[in-house]
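Peer 1: Counting along the sequence shown from 1, when you hit position 103 you're at 103 in this note's numbering, and nothing is skipped either side.
All C-beta atoms in this analysis are idealised placements derived from N, C-alpha and C, irrespective of residue type, glycine included.
Here the structure is a predicted model, which is why all the values come from computation and not from measurement.
Mind looking over this structure? Questions follow.
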Amino acid sequence: MMHCAASQLVKTAYRPRIRVMLGSNAPQDNFDSTWTWPAVIGLATFMLTIYVTISQVRKHKKATEAKKKAAEAVRLKPDYDLLDEVVVAAGKLEALPAQKTDLVGLNELRSRVKQAERRSPDLPFGDVVARIDVYHKTMLPDCYGKKLAGKRVDLDELLELSRQQGAALTEIRVACDAVQREIDSRTT
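Below, the structure written as structure tokens:
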């Protein structure tokens, strides 16, 4: 019995020194866990606060971005509709061999597209204007019907101009579609 009591005495005498050497001052046998509940509750509250804050910041950012896109959509809607008008005018010109007298509507739309280019220089409206200018260069000569009847005009030349008109009209539509896709990507 003495031996057990002596070994118990040695254990309790050297235990604090061993704990100090190992780097722990807390008693190992009588660990009191009551201090951890406030710490756990505090940590959970802290984590919940961080989550709610981050969530609110994300929602605010999304709402701001949505407002910005909505304002951009309202601002660019007339230009989008203008490009639709250009495509419709190009479709009407496709059905006839265009002369300068047929281009009154297209010329007016061209000037409106140039104004849209000044309002929004970051959108490729200049490409639409350039394609309309290319179309203007493919005009058939005035009174080509009379010249054709009088055999004063080369038929191959008229046929080539007609082909160029068709290609230019296609390029006008492609340029309008490109600008409209750019507007859609900015507003959606």
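Measure the C-alpha to C-alpha separation of E182 and A175 and round it to an integer number of angstroms.
Peer 2: So the two alpha carbons sit approximately 11 angstroms from each other.
Peer 1: Label V128 either buried or exposed according to how many other C-beta atoms from any shown protein chain fall within 10 Å of its C-beta, with 16 as the threshold for buried.
Peer 2: Per the 10 Å Cβ criterion, buried.
Peer 1: Do V134 and L109 have their C-beta atoms within less than 9 angstroms of each other?
Peer 2: Taking 9 angstroms as the Cβ cut-off, V134 and L109 do not qualify as a contacting pair.
Peer 1: According to DSSP, is P78 helix, strand or coil?
Peer 2: The answer is helix: DSSP assigns P78 an H, G or I state.
Peer 1: Applying the 10 Å Cβ sphere with the 16-neighbour rule, what's the burial state of I50?
Peer 2: By the 10 Å Cβ count, I50 comes out exposed.
Peer 1: Starting from the C-beta of T45, find all residues in its chain whose C-beta is less than 8 angstroms away, skip the five residues before and the five after it, and write them out in chain order.
Peer 2: None.
Peer 1: Here's the rule: buried if 16 or more other CB atoms are within 10 angstroms of the residue's CB, otherwise exposed. What is F31?
Peer 2: Because F31 sits at a pLDDT of 49, beneath the cut-off of 50, its placement in the model cannot be relied upon, and the point is left open.
Peer 1: Any idea what DSSP makes of P38, helix, strand or coil?
Peer 2: P38 falls in the helix class under three-state DSSP.
Peer 1: Skipping 5 residues on each side, what residues in its chain have a beta carbon closer than 7 angstroms to that of T170?
Peer 2: Hits under 7 angstroms: none found.
Peer 1: Cβ of V113 within 9 angstroms of Cβ of L83?
Peer 2: Going by C-beta atoms, V113 is nearer than 9 angstroms to L83.
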